[in-house]
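A.B. asks:
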Amino acid sequence: MFTIRGARDTLADLPAIETARLSIAALRPGDAPAVRALTDDPAITAAVDFLPTPFTLQDAEDLIRSGTRGRDCFLGAWTHDGAPDSAGRALVGVFGTHLRGAGTIEIGYWIGGAARGRGFAYEAASAILGLLGARFPARLVVAECRPANVASWGLLEKLGFRDTGEEGHRPGRRLLRRD
0 MFTIRGARDT LADLPAIETA RLSIAALRPG DAPAVRALTD DPAITAAVDF LPTPFTLQDA
60 EDLIRSGTRG RDCFLGAWTH DGAPDSAGRA LVGVFGTHLR GAGTIEIGYW IGGAARGRGF
120 AYEAASAILG LLGARFPARL VVAECRPANV ASWGLLEKLG FRDTGEEGHR PGRRLLRRD
């Protein structure tokens, strides 16, 4: 039997989101230099196990290109506060959204050093969770986090995530779910 649901289960066409301070949209090939500059930081590459060190322009291009199949989408959170790129915007964070199986969607993120502690992660993640909830109402939203990563753990709890008591798929991480 044909179902419309299968056609909707893609992240390839997530719409852009505007918040009070941020523009959030799927990363495009032209964003690769900004993604490289933000991500090539040992604090980020050490925390996100699939990111190589150093994080090169080719790595940024590959990351952005990984969203073309629709199962993954990396979104950039841009603000006008900070050192802008040629389009007059500054990338403050990258947010990953990943379809996992039939009923789960995973989120993850990293925030650039100069933007940490300014509420950008909460602002962007809240907006993205709202979008995902509207787009995929039947899917459970999960995240993985190291318990020792106090800032991220606290942010996830503030966003409504709770520890499941299960180990995540990535080494040293716990699985959290949003109810």
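Number 120 in numbering that gives the first Met the number 0 belongs to position 121 of the sequence shown; there are no gaps in the numbering.
Where a beta carbon is used, it is the ideal one built from N, C-alpha and C, also for glycine.
(1) Is DSSP giving V47 helix, strand or coil here?
(2) Give the DSSP-derived three-state secondary structure of F54 in the structure shown.
(3) Could you tell me how far apart the beta carbons of I127 and T96 are, in whole angstroms, since I believe they sit closer than 8 Å?
(4) Could you give the distance in angstroms between the alpha-carbon of E17 and the alpha-carbon of L90?
(5) If I follow the unbroken alpha helix (DSSP H) through R134, where does it start and stop?
(6) Would you list the residues sitting across from R177 in a DSSP beta bridge?
(7) Relative to the C-alpha of C72, which candidate in P14, A113, G164 has its C-alpha closest?
(8) Applying the criterion that 16 or more other CB atoms from any shown protein chain within 10 Å of the CB defines a buried residue, is E235 buried or exposed?
(9) Check whether the Cβ atoms of R115 and S22 sit closer than 8 Å, and answer yes or no.
(10) Which partner residues does D71 have in the DSSP bridge list?
(11) Spatial neighbours of R145 within its chain, please: C-beta separation below 6 Å, excluding the five flanking residues on both sides.
(12) Kindly indicate which three-state DSSP category F1 falls into: helix, strand or coil?
(13) Kindly indicate which residue of A137, R20, D8, D39 has the alpha-carbon position closest to the one of A123.
(14) Find the nearest neighbour of A42 within the set A59, A33, R68, G111, judged by alpha-carbon distance.
(15) How would you label T67, buried or exposed, when you count the other beta carbons within 10 angstroms and need 16 or more for buried?
(16) Considering just the uninterrupted stretch of the beta strand (DSSP E) at A25, what are its terminal residues?
C.D. replies: According to the structure data:
(1) coil
(2) coil
(3) 7 Å
(4) Between E17 and L90, the C-alpha separation is close to 14 Å.
(5) 119 to 134
(6) V140, F160
(7) Per the Cα distances, P14.
(8) In this structure the chain extends from 0 to 178, so residue 235 is not present and cannot be described.
(9) no
(10) H97
(11) G171, R172
(12) Per-residue confidence for F1 stands at a pLDDT of 45, beneath the threshold of 50, marking its modelled position as unreliable; no derived number is given.
(13) R20
(14) G111
(15) By the neighbour-count rule (16 or more Cβ atoms within 10 Å), T67 is not buried but exposed.
(16) 22 to 25
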